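Read the structure below first, then the notes.
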Amino acid sequence: MFAPEEDCASFPVDAIDRAEQQILVNAYGLTTSSAIVEALVRAKQRGIDVKLIADRTTPWGRNSGIGSLARAGIPIWIDHTARTAHSKSMVIDGKVTLTGSMNWSGGAARNSEDAALIASRNIAAAYAGHWHQRLALSLPYAQRADWCRKPEVADFKSESSPR
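Just so we're aligned: the sequence shown equals residues 4 to 166 in my numbering.
Shown next as structure tokens:
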């Protein structure tokens with residue numbers, strides 16, 4: 004699918020709502036205005052094993068969805084080793100992969116973006132492998148205040164250029 008011509012915002016929500024067992028998420032921008040946060044919370048409430056790795060700037064963002072996900076009991080890790088953890092992907096039930104250029108934020112639907120759902124166990128396994136590699140390099144997230152106090156994150160924020 005392609006935004007802004009098509010409704011790419013509902014595409015991930017539909018995929019999340021169809022999950023039966025597990026969702027592994029890599030997120031760069033994840034805001035409450037995208038409806039994806041709410042879909043992930045619903046999935047967790049249905050008993051789906053939802054796990055998230057986010058870029059180190061994600062908890063800082065306005066309308067960040069990290070707090071809502073953490074309150075729902077979704078385990079979250081922050082990828083702090085990559086300059087930018089820009090991957091935007093979900094592996095759903097080890098069968099399908101959602102990926103593309105679209106950030107999971109409300110404003111992304113107005114950009115020229117793409118989102119693709121790939122039904123392939125081999126592709127899903129590759130993306131899950133990448134997710135686990137990033138997990139090994141990530142720190143657990145407990146709460147925004149704790150994360151934002153870390154000196155390496157504060158230094159990163161002051162040195163980063165606007166996106």
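Backbone N, C-alpha and C define an ideal beta-carbon position, used for all residues, glycine too.
Here the structure is a predicted model, which means the values were calculated and not measured.
Exercise for review: Could you name the residues that DSSP lists as bridge partners for L27?
Suggested key: K54 and V94
Exercise for review: Return the CA-CA distance between A127 and H133, expressed in angstroms with no decimal places.
Suggested key: 10 Å
Exercise for review: Quick one: measure Cβ to Cβ for Y31 and D58, integer angstroms, because I've assumed they're closer than 8 Å.
Suggested key: 5 Å
Exercise for review: Could you tell me the distance, in whole angstroms, from the CA atom of Q136 to the CA atom of N29?
Suggested key: 11 Å
Practice item. Starting from the N-terminal side, write out each stretch of the alpha helix (DSSP H) that is 4 residues or longer and does not extend beyond the region 116-145. Key: 124-139
Exercise for review: Determine the extent of the alpha helix (DSSP H) in which L43 is found, giving its start and end residues.
Suggested key: I39 to Q48
Check your understanding: Should S123 go down as buried or exposed, given a rule of 16 or more other Cβ atoms within 10 Å for buried?
Key -> exposed
Check your understanding: For L101, which residues does DSSP report across the bridge?
Key -> M93 and L120
Review point. In three-state terms, what does DSSP make of I77?
Key: coil
Review point. If I95 and I79 are in contact, beta carbons under 8 Å, what's the gap, nearest whole angstrom?
Key: The pair is not a contact, with the Cβ atoms about 18 Å apart (cut-off 8 Å).
Exercise for review: Could you check how far apart the C-beta atoms of L33 and I39 are, in whole angstroms? I think they sit under 8 Å.
Suggested key: 7 Å
Review point. Rounded to a whole number of angstroms, what is the C-alpha to C-alpha distance between N21 and R49?
Key: First, the amino acid is wrong: residue 21 is Arg here, not Asn. For R21 and R49, the distance between alpha carbons rounds to 11 Å.
Exercise for review: List the DSSP bridge partners of S71.
Suggested key: Per DSSP, none; premise fails for S71.
Check your understanding: Apart from the five residues just before and just after L140, which ones in its own chain have a Cβ nearer than 6 Å to its Cβ?
Key -> T84
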